[in-house]
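Encoded as structure tokens, the structure appears first; notes follow it.
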Amino acid sequence: MPPTIMALAGQTKRPLVRRLVRPVGGALHRILLSVRDLAPIILVISFFQIVVLQQPFPNFWGVMVGLICVVAGLSLFMQGLEYGLFPLGETLAQGFANKRSLTALLAFAFCLGFGATVAEPALIAIAQEAAEVASRGAAIADTPEARASYAFNLRLVVALSVGAAVLLGVLRILKGWPIHRLIIGGYLVVTLMTLFAPAEIVGIAYDSGGVTTSTMTVPLVTALGVGLATTIRGRNPLIDGFGIIALASLTPMCFVMAYGIIVS
Amino acid sequence: MSEGFFDILWPTLFSTVQDIAPIVGVLAVFQVLVLRRRLPHARRMVVGFAFVLLGLALFLIGLEQALFPIGETMARQLTAPDMLGTLGIDGEVDWRNYWLVYVFAAAIGFATTVAEPALIAVSVKAEEVSGGAIKAWGLRFAVAVGVAVGVSLGCFRIVTGTPLPWYIIAAYLVVIVQTFQSSKTIVPLAYDSGGVTTSTVTVPVVAALGLGLAASIPGRSPLIDGFGLIAFASVFPIITVLGYTMATNYTYRWKDRKARGGSES
Chain A
475 MPPTIMALAG
485 QTKRPLVRRL
495 VRPVGGALHR
505 ILLSVRDLAP
515 IILVISFFQI
525 VVLQQPFPNF
535 WGVMVGLICV
545 VAGLSLFMQG
555 LEYGLFPLGE
565 TLAQGFANKR
575 SLTALLAFAF
585 CLGFGATVAE
595 PALIAIAQEA
605 AEVASRGAAI
615 ADTPEARASY
625 AFNLRLVVAL
635 SVGAAVLLGV
645 LRILKGWPIH
655 RLIIGGYLVV
665 TLMTLFAPAE
675 IVGIAYDSGG
685 VTTSTMTVPL
695 VTALGVGLAT
705 TIRGRNPLID
715 GFGIIALASL
725 TPMCFVMAYG
735 IIVS
Chain B
6 MSEGFFDILW
16 PTLFSTVQDI
26 APIVGVLAVF
36 QVLVLRRRLP
46 HARRMVVGFA
56 FVLLGLALFL
66 IGLEQALFPI
76 GETMARQLTA
86 PDMLGTLGID
96 GEVDWRNYWL
106 VYVFAAAIGF
116 ATTVAEPALI
126 AVSVKAEEVS
136 GGAIKAWGLR
146 FAVAVGVAVG
156 VSLGCFRIVT
166 GTPLPWYIIA
176 AYLVVIVQTF
186 QSSKTIVPLA
196 YDSGGVTTST
206 VTVPVVAALG
216 LGLAASIPGR
226 SPLIDGFGLI
236 AFASVFPIIT
246 VLGYTMATNY
256 TYRWKDRKAR
266 GGSES
């Protein structure tokens, strides 16, 4: 949203309190949005709890406090991203789309995908669960350190894979490769690797594909894709701009399975 | 919470610095060193960074306190022996006893998707692009049904303990066949619709549901059977969206042919 960015750019000289009013006010609006995100889950679960299960919900108030943390946390997170990081991400993406140096563009594409994925909340969640399950299933040692390093490695592998996907997606836009060939090729690779990957990594690998394309990655990466597709002649932003996300949900599967094969 | 709130908050805050640092570093380094431009509104970046940091820390606390327990508790309560009736007598798992799990999974999948803001935006855009041939609500409905069927089938897989790759690879085959039958403009959109459905709130709940199911159903191991629900939820919307657009295509052609046939006679 360029108009708001321009409007905000004009007020850097104001005193601190007034400069904070805008993000805080935005955060209040954000809270409503987060509540709306959470509402369907709460509704369905309340229905099943009250009508079907009719059982006391364990640690009810603890869960309520947790839900408030989720709403407040997501609101602040999204507001902070849109206020501080996305505008810079977008100008950078456009800057690199216009720049002639291919190496710089590709390096930026990789780092953007990598950095955004490391901060992806849904991926942090899945990695924690995976580490928990792996330690309970005696696949790794049952210590906090072992779990932390397992979760960290998993996120690192996924972040590398998304970096690779964004790089590949940018190359695809430059060369004009058709997206469906890449996707179908990716499906074939996933199928082949499944044959060799240890059974306990396959589920996590498949899930990590769906997790990466979320709050953090989608806006930054789409900005790069659409920016590139608009600057290059003969590219349609709608068709060429969006394909990166589809790639970014395929490569994590391959990379995580490869990681599983190497580690075992 | 047995510990004080701030006893949890401080270490979480510390660890989230490491999560956020890479992306901030990447943006700053490329802006200053490669593009050789000054950081625009550095103060805004600092404020934004503080918001993101605190927000992620709070979210992670809420994750442990609320989202994971919700998914796990639902899985445990829905598979409790007195909900299932006959199970537990012969020790054999009969997938039909778990119908309540499938209904719950479908309800969660449908409800979270149909109201997803990202999906609403995408479907409105799709209606514009297709010149009204694809209806925005139709697309939303198709995606939501896809997620509902996906999560439900994923739970069926956990209950039966059948291998995950069979389902996902079969779904890929369907997608590939559909891709060659569909128009080129809709294909990237359909692929993306798989990605937008799994929001940050839904993922932990659904993942915990799967792991909870695998933990409480006799003979299933969370390590092997627990994951996969999110994969189901990302592949099946692609199928339903491509199916929906193919269906609208056929009815369009059919109406077209009928109208032409009517004018000729």
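So the protein lines, in turn, are chains A and B. Residue 475 is where the first sequence starts when you use my numbering, and the numbers rise one by one after that. Residue 6 is where the second sequence starts when you use my numbering, and the numbers rise one by one after that. Backbone N, C-alpha and C define an ideal beta-carbon position, used for all residues, glycine too. What you are looking at is a predicted structure, and each value in this text was computed from that prediction instead of being measured.
May I have the straight-line CA-CA distance separating residue i from residue j, to the nearest angstrom?
| i | j | result |
| --- | --- | --- |
| F534 (chain A) | G155 (chain B) | 29 Å |
| V148 (chain B) | G76 (chain B) | 22 Å |
| L529 (chain A) | Q523 (chain A) | The sequence given here places Gln at residue 529 (chain A); Leu does not occur at that position. Their Cα atoms are separated by approximately 7 Å. |
| E132 (chain B) | S239 (chain B) | 22 Å |
| A175 (chain B) | P652 (chain A) | 23 Å |
| F109 (chain B) | G637 (chain A) | 36 Å |
| R610 (chain A) | Q186 (chain B) | 46 Å |
| E606 (chain A) | L38 (chain B) | 40 Å |
| A85 (chain B) | G166 (chain B) | 18 Å |
| M690 (chain A) | R42 (chain B) | 24 Å |
| I13 (chain B) | P74 (chain B) | 17 Å |
| I163 (chain B) | L169 (chain B) | 9 Å |
| L566 (chain A) | L124 (chain B) | 26 Å |
| F741 (chain A) | E564 (chain A) | In the structure as shown, chain A begins at 475 and stops at 738. Residue 741 (chain A) is therefore absent and cannot be evaluated. |
| T478 (chain A) | L562 (chain A) | Any reading at T478 (chain A) needs caution, since the residue's pLDDT is 46, under 50, leaving its predicted position unreliable; the model's value is listed next. Taking the straight line from one Cα to the other gives about 13 Å. |
| L645 (chain A) | P227 (chain B) | 39 Å |
| S688 (chain A) | L214 (chain B) | 20 Å |
| V106 (chain B) | G547 (chain A) | 30 Å |
| I113 (chain B) | G233 (chain B) | 16 Å |
| G650 (chain A) | R709 (chain A) | 8 Å |
Put residue i into one of helix, strand or coil per three-state DSSP.
| i | result |
| --- | --- |
| E594 (chain A) | coil |
| M690 (chain A) | coil |
| G166 (chain B) | coil |
| K130 (chain B) | helix |
| A615 (chain A) | coil |
| N102 (chain B) | helix |
| V148 (chain B) | helix |
| N627 (chain A) | helix |
| S226 (chain B) | coil |
| V119 (chain B) | helix |
| G93 (chain B) | Caution applies to G93 (chain B), whose pLDDT of 49 falls short of 50 and renders its modelled position unreliable; the value that the coordinates give is listed next. Correct three-state label for G93 (chain B): coil. |
| N533 (chain A) | coil |
| Q528 (chain A) | coil |
| N254 (chain B) | helix |
| L232 (chain B) | For clarity, residue 232 (chain B) is Phe in the given sequence; the question names Leu instead. Residue state, collapsed to three classes: coil. |
| T577 (chain A) | helix |
| S221 (chain B) | helix |
| L724 (chain A) | coil |
| K263 (chain B) | helix |
| A138 (chain B) | coil |
| P652 (chain A) | coil |
| T704 (chain A) | helix |
| T668 (chain A) | helix |
| T190 (chain B) | coil |
| S20 (chain B) | helix |
| R709 (chain A) | coil |
| S239 (chain B) | helix |
| S738 (chain A) | coil |
Does the beta carbon of residue i fall short of 7 Å from some heavy atom of the ligand MG?
| i | result |
| --- | --- |
| Q186 (chain B) | For the structure depicted, the ligand MG is absent and the ligand set is empty, with no information on it obtainable. |
Alpha helix (DSSP H) containing residue i: first to last residue?
| i | result |
| --- | --- |
| Q186 (chain B) | L169 to Q186 |
| H46 (chain B) | Premise fails: H46 (chain B) is in no alpha helix (DSSP H) and is neither H nor E. |
| Q36 (chain B) | Segment: none, Q36 (chain B) is in no alpha helix (DSSP H) and carries neither H nor E. |
| N572 (chain A) | F560 to N572 |
| E674 (chain A) | A673 to V685 |
| V206 (chain B) | No alpha helix (DSSP H) contains V206 (chain B), which DSSP labels as neither H nor E. |
| R42 (chain B) | Here R42 (chain B) belongs to no alpha helix (DSSP H), and DSSP marks it neither H nor E. |
| I75 (chain B) | F73 to L83 |
Quick check on this structure: which residue in the options has the alpha carbon closest to the alpha carbon of residue i?
| i | options | result |
| --- | --- | --- |
| M50 (chain B) | B:V39, B:I28 and B:F64 | B:I28 |
| I718 (chain A) | A:E674, A:I657 and A:T704 | A:I657 |
| V509 (chain A) | B:V206, B:R262 and B:L14 | B:V206 |
| V52 (chain B) | A:G554, A:I516, A:S549 and A:D511 | A:G554 |
| F737 (chain A) | A:I614, A:L698 and A:P514 | The residue you asked about is not Phe; residue 737 (chain A) is Val in the sequence shown. Checking every option, the nearest Cα to that of V737 (chain A) belongs to A:I614. |
| F19 (chain B) | B:I173, B:L61 and B:I125 | B:L61 |
| H46 (chain B) | A:F560, A:L666, A:M552 and A:L648 | A:F560 |
| V592 (chain A) | A:V685, A:G708, A:L669 and A:M731 | A:V685 |
| A212 (chain B) | B:A195, B:L68, B:V150 and B:L178 | B:L68 |
| G231 (chain B) | A:A679, A:V518 and A:L517 | A:A679 |
| V544 (chain A) | B:V127, B:G266, B:L59 and B:N102 | B:L59 |
| A513 (chain A) | A:L527, A:L541 and A:L502 | A:L541 |
(request) Could you say if the segment 244-256 of chain B and the segment 177-186 of chain B meet the contact criterion of at least three C-beta pairs nearer than 8 Å? (result) A contact between stretches requires three or more CB pairs, one per stretch, nearer than 8 Å, and the segment 244-256 of chain B meets this requirement with the segment 177-186 of chain B.
(message) When you compare the segment 722-736 of chain A with the segment 622-637 of chain A, are there three or more beta-carbon pairs, one atom per stretch, that lie closer than 8 Å?
(response) Touching, per the Cβ criterion.
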